[in-house]
Every structure is written in C-alpha cells, then in structure tokens.
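For reference, the structure discussed in these notes is given below.
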Amino acid sequence: MTEVRLETQGLSRHFGALVAVQGIDFKLAAGARHALIGPNGAGKTTFINLLTGVLPPTHGRVLLGGRDITSTAQAGRVKLGIARTFQINRLFRGLSVLENVCIAVTERAGAAGSMFYPAGRRGDLIAEAMELLRTLKLADAARHRVSELPYGRQRLVELAIAIALKPEVLLLDEPAAGVPSAESHIILDAIERLPEHIAVLIIEHDMDVVFRFAKRITVMVSGAVFAEGTPREIEANPQVREVYLGQAAQGAFHG
Amino acid sequence: MRRHRLRWWEALPWIAGIVFYFAFPDYLGFGCELLVTILFALSLDLALGYAGIITLGHAAFFGAGAYTVGMLASYNIWTEPITGLLLAALVAGAIGFLSGIVLLRTRGLTLLMLTLCIMALLEQAANMGAAYTGGFDGLPSLPIAPLFGVFDFSALYADTQYLFALAVLFVCFLFVRILVYSPFGQSLTGIRENVSRMHAIGSPVRRRLIVCYTISAALAGVAGGLLAQTTAYVNLAVLGLDRAATVLIVLILGGYGRLYGAFIGAVIYLALEHFLAQVYPTAWQLGLGLMLVVIALFARNGILGLAETLWRRYENRRGPS
Amino acid sequence: MSRRIITALAAAAAAAIAAGGATSQAQAQDVKIGLILPYTGPGAELSPQMDKAIDLYQKLHAAQIKPYKYTIIKRDSKAPNGAAAKVDTQELLTQNKVDVIAGYIYSPDAIASAPVITAGKRLAVIMNAGTAFITNLSPYFIRTSFTLWQSSYVMGEEAAKYLHAKTAVVAYTDYPPGKDALNAFKYAFEHNGGKVIDAIPAGGPEATPDFTPFFQRAKDEHPNVLFVFVPAGDQATAVVKTYAALGMKAAGTQLIGTGDIVPDNMLQGMGDAAVGLITVHHYNADLDNPQNKAFVAAWKKAYGPDSTPDFTSVGAYDGMAAITHAVHATKGKIDNAAAAVKSLEGWKFNSPQGPIEIDPKTRDIIMNEYLDQVYKGKDGKLHEKVLATFHAVKDQCKALAIGPCAPKK
Amino acid sequence: MNFATDIAGIVLGGLAAGTVLFIVSVGLSVTMGLMGFVNLAHGAFAMFGGYVVVLAMNRAHFGFGVALAVSFIATAALSVVLERALYWPLYRSGELDQVLFTIGLIFIFIAGTTILVGPEHQTLQLPAALSGQLNLGFVRYRTYSVFLIVIGVLIALGIWLTFERTRIGGQIRATVDNRRMAESLGINVDRLFTITFAFGSGMAAIGGGLGAEFLGLDPQYPLKYLVYFLIAVSVGGLGSVIGVYYAALILGVLDFVLTLYLPKGGTIFIYVLTILILLARPQGLFGRKEL
Amino acid sequence: MASALQLRGVSAGYGETVVLEDIDLALACGECISVVGRNGVGKTTLLSTVMGHTTLHSGEVTLDGQSLNGMPCFRRALAGIGFVPQEREIFPSLSVRENLGIAARPGAWTHARVFELFPRLAERLDNMGNQLSGGEQQMLSIGRALLTNPTILLMDEPTEGLAPVIVEALTAVLARLAADSALSIILVEQNSRVALNFSPRTVILDKGRIVYDGESAPLRADPDRLAKLIGIVE
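Below is the structure:
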C-alpha cells in the first residue's frame, strides 16, 4: 500500500443553492497517475479549486500528507507542494519563456522577495529554469516572448511553470485543451516524462490520454464521485459508459 | 534575463540633464519642475506600470512628503535637505503602507475611487489644519539649509536645486531600476501580467502589492519633498487632484511599465505645456489636448509604445531582405 | 474740475507738442513689464478684467507714459498652486530680463514667488492677491489691490454701528481670504458690541457648493445679519440667489458682505434677488467721482456697453499708475527695485476708487471703503449707492499685528 | 421653525442637489456599464449643454424650456459625431488609453470654450415663475429646488420606464448583463451604444443647464465636478439607473445633513461616505458587476 | 436540396487555441442534425464558430451561399441564426417577458406559439430571469431564440443538468421543432439517446474533428460502435 499524499474528507462546495461538489472522499497516492473524468458541469474544476485553496469548502477537509490544510491559503498550499495548471493558459504573455519559468523558480526558491540584485544574477535559478526547459524541449524558445509561440508550446510553458515549483502533487486541468491534434503529442510526451515521485491528478477529456497515462481513474458526475478504479475497471463499467453517452439517468444525482 | 545590463543609450538622459544645466541656466526653475515630475511619475510607474495598481490618488503621498519637508522647515525643526527627503519618504511610505492595507483588496474603478477619496481626505485634513499647514496660502519662504552646509539654494537661479534634484532623481532612478529588475520586481510584473497565475505559484500577492505600494508612496514622498525644497514653498495644491491627474497623464503619455516612460512623458508634456503657454497663454490647453487625443488614438501604451511598434515594424521589414 | 485732469491734459498737450516738434530728446525707453495672471484654470475668468484695465490705462495715459514705452510680457500662472507662477517669475526675471513684475491674482502665486522677487531685485506690483501678510515676504512687493481685512473690518464695525445688529452669523469660503474676512469681521463686530454666534465654512474656492444647507443653518439661528465672504464669481451669484430663495430677508436676517458678493460685472446677472444687499468695498462701478466716471465711460466705449469694470480692474489700473509713477520717479531706472519701491512709499493717486496711497511702512494700499447698497435704477438695471464713506482705511491685520501679519523680526 | 420643517428643508435641499447630480451622471453610469468605456469627458457634455442653454436664453432669447430642449438635441448630436469619429476606435483599448483620450478631450473643450465664448462665468436668469419661494403647505421652500425635485422625479421615472418598459431599454439591460448573448440574439450593440451615448450626453446637457443656476458655468466645469460624477456612478453601481438615482439622492441628502449640522468638516463627509460604502460594497450600492 | 449552412475546411478556436480542425459540414434547408461527442471535443466551439464567437483560423462558413466570414455576431443572428447557448444565459435582470421580447422579430414564431410550446412560460411572465428553475430557463432560452424567427437554430446541450421528467418533456418539444420544415436545427447533445432519436442524421466529433457524419439509425442499433466512435472505449 502506497502512502496517501493528498486526501479529502467529505469535501463539499455550495454556490448559493447550487451544490457544485458534494461530499467527496478522495485519496491521491504518492507518485500516483490519477485521472479525473466526467461530463460537463460535473464539478471537476471546482474540485481542483478546492484542493488548491482558490475556493474555501463549505464542508469537509483537505489533508496533505496527513496534515489538515483546509484553512491554509493558496500560496501556503503551493509552498507545501501542491501545484496546478489551468484549463486556459494563464501565462505572463509579455515576458519570455525563460522569464515565465524563472518567476516560478524564484518564487519557489524563496528569492522572489529580494529587491537589491538583478534577477539575472541568480545564475543558479536561471540554470535550473533552462534545465527544465530543456527537458520539456522548450530550450530553443527560451528567449521568445510567450505570446509569439504557437499555442501548443504555450501549453508546455504552462506545464513548465507548474513543474518548476517542484510539487509533490501536481494537478493538471486539461493540459492538452485547445492544442491542435498535430501538436498534442508534445504535451503528452511531457506528461509521461514527469518525475515519478510526483503525484499527478489530471482532468482530461481525451480518453486516449486518460487510458495511456492513468493508473487510476475517478469519474465525477454532478459533483459527486460516481466511480473509481483502474482504467480496465472503468472501461468495463457499463454505468460509466452510460454516463458518457448521457443515457444514465443523471437526474438521480440531483435527487 | 540580461535586461538589467546597462545599455549605452541609458546614459543619454543624464547627459541631457547635465547639458541642460549648462545650456539653459535661465530655465533651471522649469528644469526642477521637470525633474520633480519625472520622479513623481517614476514612483507612480512602480505602482501602476509594474504592479498594475491603478490609482488616481498618488498625490496623497507626494503631498505627504512635501508637507513633511515643508512643516519641518517652516517651524525650523529640520532644514537639512538630504535627511529631509528621507523623512519625507518615511512619512509618505507609512501613509502608503496603512492605506495599502485597506485599499489593495479592491481593483479597477473601486480602487481608483478609493485612492482618490483618500487623497481628498488628506487635502481636507490639511485645509482644516491650516493653522499648521498654511492651508491654501501655504508655508512661504521655507528655509532650506545649504546642501552639505555649503551650497545655497538660490531663489532666482535654481542652479543648486537643479543639480540636487538631478542627483536625487538619479539615485531614485537607480533604486527603481535595480528594483524592477530584481526578483521582487519580476514578481510585480508577474502580478500585472497574470495575477491568478501568481497566486497559483504560491506568491504572497497582497503582501507584494502592499510592499510595492509603500515603496512607490515613499518615492512619491521624496518627489514631494523635493518640490518643497526646490521651490521653498508648499501649499494645499500638492495634495490636489490636479497634480494626481497630471502625473497619471504624464505616465500614460510616455508609456507605463517602462523605466523611461516617466522621462519621455514628463519632458514632452511639460515642455509642450510650458512653451505653448508662453506663446498662447489663454488657450494652450487646446494644443495639449489635441496631442493627448492623437497619442491615445494612434499609440498603444503611449509614446514609448508607439516607438516600439514602429521599431518592430521597421525591423520586420528589414528582416526578410 | 479736478486738478489732476488739468495736469493730465497739460501733459498730453506738452507731449503732443514735443512729438510734433520732432525734437524728442528722450529716446523712447522700453520698460519691460512681466505680467503674471491665471489665463487658464479656475482663475481664468478674472484675468480678462485685469488685462482690459491694463490696456485701457495705457491707451488713456499714453501721454503720461511717454517718453517710456511699455512692453508687456504675459505669462499664465495656471492652477493657483504657486508653482507655475514661481517659474514664470524666475523666467521673466532671468530670461526676459523684465524691469518690473505685475499681476498675481491668487495669493499662493505671490507667496511662492516672493523669494524670487527678493533675489531678483525687481519691483513687483500685486494687483489682486489679497492675503494680508504677503507684503511682509519681500521688500519689493507693493500692493495696489486690497486685503480682506480692509473691507471686512469696516463691515464689522458698520454692522454694529450702522445696521445696529447684535448678532451675526458668518459664512465664508474655507480658504485664507475667507478666514481673513471672518477674523476681521469678527474682531471689529465684537469690539463694537456685537456677537458672532456661528461661523460656517462653506466649501472651498473652486467648486461652487450648494449654499442651501449653510444658509439654512444660519437661518435657523436667527441672526440679525448674515455676513458672507465668497470669491467673486459663480459663488457670488449662488449666494445671492440662495439667500433670496430661502426667504431669509422675510425671516429677519439681512445679508451683508464684502463687495465680492456683488461684483460689478455679475450684478446684472443676479436679478432682483440682489436688491437691498448691503456690502462694504473699496470700489463699485457706480462710484460718483470724476475719475471713475471717465474710467467707466472709457471702458464702455472700448469694450462695449455690457462690459463693466470691477474691483479687479481697478487694482490692475492703479497698479499701472504706480508703475508709471515709479518709472518717471526713477527716470526710467525702475529696474532699481529699492529706488522704485522708495519712490512709491507714500505715493498718492486719485484712482477711480477715490484717493489711494501706498503706506510707506507696509507698502500696502491705503484706500477708502464704501458702505454700499444695491438698488434698481430707472434704467431697469441694478446699481449701487454709497451709504457712507470711510476714508484712508489701512490694512487692520498689519495695523493690529495679528498672527503672520506682524512684521518679521 | 420646528424640527419637522427643519427635516423637510433638509430633505428638499438634499434632494434638489442630488437630482442635478443624478441627471448629469446617469448617462455616464449607463455608458460605462454598457461598454466599460471610462469617459472622464462626460462633464464636458454637461458643460457644452449648459452653455447652449445660457447662450440660447441670453443671446437668442429662447425660453428656459425651449433652451433645454435645444441643448439636449445639440449635445446629443455633437456626442454622436464624437462617438463615431473618436471614441469608437478606443473601445478595445485599455482603460488607461481611454483616460488619456478623455482628459485630452476635456482640455480641448476647456480651450475651445475659452476661445469661442470666453473664460467668464455665465449666469443663468431663471424665469420668474421659478424664482422665489413656494408654499408647500407644511413648509415654504425655494421654488427652483422643488421644481428640480419634480423634474428629477419625472426624468428618473422617464428613464426608468424607458429602461424597464421599452424594448430598447430591455436591450440595454440585457447587454449590460451579457453582451455576447445580446449580440447572439441580433442586437447591434454598437448602435445601441451610440444611441445610449447620445441620450446620456443629452441628459448631461440638461443637467448642465438645470444646474447652471447654482453650480455655475465656466470653462473649468468638466474638471470641477468630475469627482462628484464619478462618486455618484461608483457608489450607485455601474449600469444601474436606479443605483445612480439613489446614490445621488443619498449623497445629496447626507451631505446636506452633515454640512448643516457639522459645517466645520467641510466636504470631508462625502469622501468618508464614499470610502465606507465602497469598502463595504466594492461594486456599488446597486451594481452587479465588479467595477 | 440546397444547403442552408455550410462549413468548408473550418479550423477555429479561441484566440490562438485550436479546437476545431478541418471541419466540413453542410446542412440543408429544414434539415436537423445532432452533434454528439464527449465533452471537450469541440461541439460547443462548432456552434460558436457558426455564431461568430470564435477565431476562425481557416476555412469558410456560408449561409445560403453567402460567406459569414468576418461578419459580426449580431448580423449573423439577423441573417437567421438562432442561438440557445449551453448555460442558457438568461438575462438575470430582465423578466421572462423581456427576455422573450427584446430581440423578437416578426415571423412565423409568435409569443402565442411559444406559449403553446411552453405553457409554463406564460405563467411566469413577470418573474425575473434569475428566479427560474433550470428547466424553465431552458424553455425560456429556446423560446427567446425562436422569437427571433431564425431559419437555423443552434442548440447547445439543452438537456444538460435537467431532471429526467423535464428531459422527457423537452425531448417532445424538440421533436415538434424538428417537424417544422421551415427550421433547420443543429442540436449539440451529450445525451446520445436524446440526440439519436432527435434527427435522422448524426455527426460525431472527437478531438476537434468529425469522425462520423451519417444516419443515426445504425448507431442506435449498435451502442458499442457508438461508444467507440465517441471514444469512451478503445
């Protein structure tokens, strides 16, 4: 039995009368490759926001390595090792690729509050950022402005920023969304090469990606966990198929 | 990443500043005004251009600095110019820190209105305390001690003042320059470019903003203190919307978020205003207004933005051949 | 017939002969006058009144000015914060090398420029700025306008003596002239047995406030008189209209003030609401003296029948007269500020506002003050009649050495 | 004078002042809510309108009502020309470019007015029927204030009805709610904005004319009162007609009460109030959108 | 039959993103089609592209032979495209009456006809948009689009998040709409049962491309094939 890195207990989030996430008990093992799937509006992104502390939960707890972090703010959780990417790029578009990654590296290294030397003088941090870009095959674009890159490579930068935080838990929100199919393999390759010790939770619609990547899958429907298991179990689960074809009585979960 | 390295043309403003001193000894009063405005705009750039804090109340700090220097001098408590500026920075910074804690939760128009109202409050307070601040009539003929105990501030030819202001601007500029290229400055740029990403990489965004706002306020305080010293005068107008709006316009005109936007904007705005007003004292605002409208319509991000666009276009055209 | 006019005519004749005889010995000597007024910003509307007076003086007194020639260099002092005026003063002195500085509508403009005037050693004629202590700030300042202490002090006395008021409420614009007006009125009124029961700061000088709450408060306190100071301009009109609209007269409260609440060039715009108002001021366009009759007539001829000079015009006009006197007294060496100032100490002049003198001790003006009342004339227009004249009124702030008005040691 | 009539006086006086603020600011609120355009030059249209009213009355001897109507039309027409020619290219620009542009426009208006009309203050002579005092039964109060309140109520009601009961009003509210959806239903938002902009400027002109009697009128007008317009809009909430109306009236009455009882505080209250309201409700009293 | 709406070689996305790649699709006058696929495959983007909300990277969209490229969104609506968006996007500060009325244009669809279709709306005319239940919002969204009298109606997942009873009722309404020969419909649905029953022709999208464009019947009969096409199973 592997160690549990991230855990939620009875996690819920209401928006007024709407229950977006309802009583989720979820465990993410250390070094896990875990996918979170489900139809639109199932509450996947809300769940990520609860894990990262963007939103406070209405009920329930979030535990990281057994420690209750429910009331820890977003920045604090990052320091504890939870990093994420966004479904739609959130990059520093006016800056170069290297600068984008450097900002993250510097922040992680605790040097971002320093005022009295040029950022360029921290050769160690820049070297680290360059090394990361090299592993993501972005080194050639390091000096380019992010906004000048094709979208697929911008998605890689999105990933690079998260990895630069050296997380223990990495939450990927549709990492290949918006990327032309011809380019999507570069993202997938990058994800596959992620360091093994990182626990990865990926939200993804592309089942090819999910089945290729995930060792475990959680299906969310209407804010609750609908099913969980290995890819084989999920694939074999007729109810999951129903959900995806829209033929399961979704109303049951509203009741 | 090597942006922080000095380039040859960065010496130009300072050379120009010194040439101005020798070439136009009769314009040094105007020169002082220009230097003070550049410094004030630079302080605003730190908040607005780098951290994206949109404020219409920056004169609050300018005025705080000016009154610190002015009141200490007027009551003969402290007249030494260099330490006077440090005290101005301290007081303005403290006000920036306190108001920043309260205000920097908000954004957009709300923040704009709140900064404006804080400034108006200070202005009203200074008016109500006219017995001490001199109110609208101000504190006249401030005694400013000679610089280093040697160089007097002449009232007629502002030569000492000019060089002093130039030196202060230079020191402050170096400070700002180091700051914006520092890791801290980079994280401010990050906040401006994408605040939610900064949260997501674990940056203490609000703390950074407050620190930045405080530094910016302190620099504005230095600018205000410098105005009080170079003109030997301070009155309520240092806290007015007029000054806050002018510096905002100066910065947008020059181009915000760029170290030299404050320089370009202040030089062009003030020079145009000054010389149009000499030629056509009753309606010079027409020319100034037309320029602002034209720049707003045809340039994105001010004159420096326009220059960059043109330069890139030129490069692109040259590139393929 | 005034002797002055005769002399003027004689001088004009002499000058004409001299010119006609083509034997002009005196080379026309250029006197450069730097004129600093707010041509833009909140004070912009006051500048034309002064500009016109300055032009008119030169036209009417071309003969007296001879053999000198005035070149006037105008500079905009912009917003009333002193900064632009100070740079203007510096540049006029250092670049344009002017011989004399004139103007200054707002006190901060004069106050900020004082050290430059002192260092530049040129005569500076204050044509409007009214804060009492300004003339203490430089030995080269002389003032041909007025201070609020002059009119408000007299109004305070007369409120008690002439109007037999026992109680008063003061409403004033919350900036230095307003505070001067309050202090002067209060001092004089209370030394004559009255009591100021409330002093209401009514907004700042720039935006016109709604006066209703202030006046409502005053009305509820039932004073005998409501003494108001606001800067001449939009605010004055608003004051008079609000007073009328609240029906305060019927409630037994008389509105009084300095002449600023009934400026000549706005009087007609106030309508019947202004009829009966009592003010104290050193000038109104209806003053019955030969100099004024000639002045107003020449003004209307030059600028049209609807245009009227007011007290700011007279300040500028008298300032030009002072400069002309100094130019002649120093034989064209008006750039010798000490001599120029000396020539003006004790200088007397028959102004349209009546006889004036420059106080040799304070370099401030000594003038007549008039207790005026607005009435509707047979021509259907509003006029002011003089109820009483107070001769040779000095600035009481300096006379009593109150606060910053006390001469510097 | 007893307490009841005192209160009546306060309320009437505050409402009258608030009414003018409302009439001038309402257009700004709606256009800012609709397009997010930071139009600091809004006061310039109020000034332009005020000048048209005064000049029409003093030089062409029009009646007050006719002058107001002429002013509305002239200002609306001018604003359409400016909107199509100059504002339009800046819709997609950042708010700071819009600030630069509209401040430039204010300068042009100030200088233009100074050159064409002169720097003098213009006085407006009210018709006799509106001068003096009116007996309301429980209190006597200045006729013009009462007139303003009535006009204000009528205008507010008119705008409110237009907003709430007409198709174009619905389209405006729909666009403020969700611009993309409104366009997806075939609403021409650009044209809607032009119409709204013209109407808002016309209202500002009427406000300028109605307020000229006690706010005065000179070339500095657009800058003098800019802060008050912005306060009304931000406190009321962007894009909300009712919001601006209540905000203007609340500010008018509270300011009136405070200046009446605590005049030593000067204009400090209005800023304190604004700060407190905006800290408690950053979107304004009636706003839905973040400002 | 003449094609009312045609997409030729369309690639589109939001800004720089690419969501749809090389889409060819033609819709005849009065024809109805269903578009199915998992979430995230570009179904909504397809409708947005027709409506003009996306960035068209290449290709052309035509309506009645006329190119829509570069045409602003509101002109497309006026040209006869009606839009029922995924989140319904009811105007919250407008009443039901106003939501229906503000964009209504004369034509075959009148208020009376809409109320006949959705009697519930007639009862709630004076409620504000934000006071409606999910089902009512959906009815309102459809009614609002119908009153613009479109020739083509784009519907984005109308059954999403609705209780089964309501889905059933809505399905009946959709059938009635489909029967209207003057109206072409593109129905984007995640609920494949609703979709396949709605129209004789179905388009399946996967990863931004059309992987199936043909009759619905064979898919109804072969759920495994459907699941494979949609990409739930290998």
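Protein sequence lines, in the order shown, are assigned to chains A, B, C, D and E. For the first sequence, this note's numbering begins at 4 and goes up steadily by one. For the second sequence, this note's numbering begins at 422 and goes up steadily by one. For the third sequence, this note's numbering begins at 743 and goes up steadily by one. For the fourth sequence, this note's numbering begins at 1076 and goes up steadily by one. For the fifth sequence, this note's numbering begins at 4 and goes up steadily by one. Even for Gly, the Cβ is constructed at its ideal location relative to N, Cα and C. Computed from a prediction, not measured in an experiment: that's the story for all the values here.
Whole angstroms is fine: what's the gap from residue i's alpha carbon to residue j's?
i                       : j                       : result
residue 1278 of chain D : residue 1231 of chain D : 11 angstroms
residue 544 of chain B  : residue 556 of chain B  : 9 angstroms
residue 1311 of chain D : residue 205 of chain E  : 51 angstroms
residue 14 of chain A   : residue 163 of chain E  : 24 angstroms
residue 640 of chain B  : residue 590 of chain B  : 10 angstroms
residue 954 of chain C  : residue 1216 of chain D : 11 angstroms
residue 680 of chain B  : residue 79 of chain E   : 46 angstroms
residue 1105 of chain D : residue 877 of chain C  : 52 angstroms
residue 13 of chain E   : residue 209 of chain E  : 15 angstroms
residue 144 of chain A  : residue 89 of chain A   : 21 angstroms
residue 105 of chain E  : residue 1122 of chain C : 58 angstroms
residue 1264 of chain D : residue 212 of chain A  : 42 angstroms
Since residue i and residue j should fall inside the 8 angstroms C-beta cutoff, what is the C-beta to C-beta distance between them, to a whole number of angstroms?
i                       : j                       : result
residue 92 of chain A   : residue 161 of chain A  : 5 angstroms
residue 1018 of chain C : residue 1116 of chain C : 6 angstroms
DSSP three-state label for residue i, please.
i                       : result
residue 759 of chain C  : Reliability fails at residue 759 of chain C, whose pLDDT of 45 lies under 50, so the model's placement of it is uncertain and the value that follows must be treated cautiously. The answer is helix: DSSP assigns residue 759 of chain C an H, G or I state.
residue 1055 of chain C : helix
residue 613 of chain B  : helix
residue 1010 of chain C : helix
residue 1246 of chain D : helix
residue 710 of chain B  : helix
residue 1117 of chain D : helix
residue 1114 of chain C : strand
residue 1092 of chain C : strand
residue 28 of chain A   : strand
residue 1148 of chain C : coil
residue 681 of chain B  : coil
residue 1067 of chain C : helix
residue 1208 of chain D : strand
On the criterion of 16 or more Cβ atoms from any shown chain inside 10 Å, does residue i qualify as buried, or is it exposed?
i                       : result
residue 6 of chain A    : exposed
residue 1213 of chain D : exposed
residue 522 of chain B  : exposed
residue 69 of chain E   : exposed
residue 1030 of chain C : exposed
residue 768 of chain C  : In this prediction, residue 768 of chain C has a pLDDT of 45, which is less than 50 and means its spatial position is unreliable; what the coordinates show is noted afterwards. Exposed, by the Cβ-count rule.
residue 1093 of chain C : buried
residue 66 of chain E   : buried
residue 595 of chain B  : exposed
residue 496 of chain B  : exposed
residue 1117 of chain D : buried
residue 199 of chain A  : exposed
Is the beta carbon of residue i within less than 7 angstroms of some heavy atom of the ligand GTP?
i                      : result
residue 170 of chain A : In the structure on display, the ligand GTP does not appear, and there are no ligands present to speak of.
Using 8 angstroms as the Cβ pair cut-off and three pairs as the minimum, do the stretch 1006–1019 of chain C and the stretch 909–919 of chain C touch?
no
Pull out every residue of the stretch 1231–1263 of chain D whose Cβ sits closer than 8 angstroms to any Cβ of chain F, in chain order.
Among the chains of the structure shown, chain F does not appear; the protein chains present are A, B, C, D and E.
Tell me, please, whether the stretch 1053–1064 of chain C touches the stretch 788–800 of chain C by the rule of three or more beta-carbon pairs shorter than 8 angstroms.
yes
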